[in-house]
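Peer 1: In the working numbering, the protein residues as written are 2 to 307.
Where a beta carbon is used, it is the ideal one built from N, C-alpha and C, also for glycine.
#1: Please classify residue 149: is it buried, with 16 or more other beta-carbons within 10 angstroms of its beta-carbon, or exposed?
#2: Skipping 5 residues on each side, what residues in its chain have a beta carbon closer than 7 Å to that of residue 118?
#3: Does the distance from the C-beta atom of residue 78 to that of residue 263 stay below 8 Å?
#4: Just mark residue 139 as buried or exposed, buried being the case when its beta carbon has 16 or more other beta carbons within 10 Å.
#5: Using beta-carbon positions only, say whether residue 244 and residue 209 come within less than 8 Å of one another.
#6: According to DSSP, simplified to helix, strand and coil, what is residue 233?
#7: Can you look up residue 186 in the DSSP assignment and give me helix, strand or coil?
#8: Tell me which same chain residues have a C-beta within less than 6 Å of the C-beta of residue 128, skipping the five on either side of it?
#9: Identify every residue that forms a DSSP beta bridge with residue 58.
#10: Check whether the Cβ atoms of residue 157 and residue 125 lie closer than 8 Å to each other.
#11: Under the assumption that residue 100 contacts residue 45 (Cβ atoms under 8 Å), give the Cβ distance between them as a whole number of angstroms.
#12: Report back the beta-carbon spacing between residue 60 and residue 255 to the nearest angstrom; my notes put them in contact at under 8 Å.
#13: Beta-carbon separation of residue 111 and residue 36 under 8 Å?
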C-alpha cells in the first residue's frame, strides 16, 4: 500500500485536483487565495491545526455515546478560521489527502483513551474517494491505532455518490468490510436523496442543522424531519440530529423517535483533554442541569461552533 504523508500537500496522482480554480480565486481575490493556501500548507506542516470533539448523546436516556471530530484552525494573525473556508481550499489544492489521513489517525488515537466503548465519528471529503487506496489507508490507520473498528464511524455526504459511482461504491463496500460504520451526513440537503440510500445500506442518517433549527418554526421542515426519521427507521438505520440548541427541539426529536443528537444544548466542541475529562464524569448525561454543572468544570463547552 502506498503511504500518504499526513503532512504532505501533494494530491493523489490522477485525482484531477487543480492547484487554482478561478471559481475560488477570481482576479480580485487571487492574492488572498494564494496567501491562504500558503498559510494552510504551513499550518499543516507545523501541525498548527487541532481536533476538537463534540459529544454525541442518546436521546432516550441522554447518555454519551462518543464524539465527532471537528478540525479547528486558529491563525496567528487572522484568529479563528472557519472550516467552511479552509476545508474547500484543502480540497481544491489536494491538501485534503494528507490532512484527512492525519485527522483520522489522530482521532482514532484519541478515542482509545475515552474507554467505555465510546465511538468516534470522522468526516470524509468526497475528494478523498478519488484516492483508490482510501480503504487500505483507513484499514492501516485502524490497525496502527489499536482502535476496534466498530468504534469508528465515517461520515460522508451524498455528493460522494455522484462521481464514478461504481468505484465509490466499491470503496464503501471495502471500508464497511473493515467493520467500520458509515453514516450519511446532512441527509435531505444538497445531493442527498432516497436513491442514495438505495445505492448503499448506510448505518446512520444524520439530519442537518438546517432542518433542526427550523423544525418548530417551519411546518414543512417539521414534516421533513418526521419523514426522514420514518425513512431511516424503516430501512434499519439509526437516525441522528445535529445542531440541537434548545430543549424544545430536543423534546420534539425525542417525541418523534430520533435516536441520537448533538448540538450546543448538549455540549460544544472541545479539546481532547476536556473530552477525556467529560468521559470521566460519573453518569454524564446531556440534560440541561448536568451540562450546566459541566460548564463550571469545562469552560470550553462554550467554545467554537460546529
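Peer 2: Based on what the coordinates show:
#1: Numbered from its first residue, the chain shown carries residue 149 at position 148. Residue 149 is exposed by the Cβ-count criterion.
#2: Translated into the one-based positions of the chain shown, residue 118 becomes position 117. 152, listed in sequence order.
#3: Against the chain shown, residue 78 aligns to sequence position 77. Against the chain shown, residue 263 aligns to sequence position 262. No, the Cβ-Cβ distance between residue 78 and residue 263 is not below 8 Å.
#4: Within the chain shown, the letter at position 138 stands for residue 139. With 16 or more Cβ atoms within 10 Å of its Cβ, residue 139 is classed as buried.
#5: The count along the chain shown starts at 1 and reaches residue 244 at position 243. The count along the chain shown starts at 1 and reaches residue 209 at position 208. Yes, they are a contact pair.
#6: For the purposes of this step, residue 233 is taken as residue 232 along the chain shown, with counting starting at 1. DSSP places residue 233 in helix when its eight states are reduced to three.
#7: For the purposes of this step, residue 186 is identified with residue 185 of the chain shown, where counting begins at 1. Residue 186 falls in the strand class under three-state DSSP.
#8: In the chain shown, counting from the first residue as 1, residue 128 sits at position 127. Excluding positions up to five away in sequence, the list reads 92, 97.
#9: Here residue 58 refers to the residue found at position 57 of the chain shown. Paired residue(s): 65, 262.
#10: The residue labelled residue 157 in the question sits at position 156 within the chain shown. The residue labelled residue 125 in the question sits at position 124 within the chain shown. Their beta carbons are under 8 Å apart, which means residue 157 touches residue 125 by this criterion.
#11: In the chain shown, residue 100 corresponds to position 99, counting from 1. In the chain shown, residue 45 corresponds to position 44, counting from 1. So it is a contact: roughly 6 Å between Cβ atoms.
#12: Taking the first residue of the chain shown as 1, we reach residue 60 at position 59. Taking the first residue of the chain shown as 1, we reach residue 255 at position 254. Yes, they are in contact, since the Cβ atoms of residue 60 and residue 255 sit about 5 Å apart, within 8 Å.
#13: The count along the chain shown starts at 1 and reaches residue 111 at position 110. The count along the chain shown starts at 1 and reaches residue 36 at position 35. Against a cut-off of 8 Å, the Cβ pair of residue 36 and residue 111 comes out as no contact.
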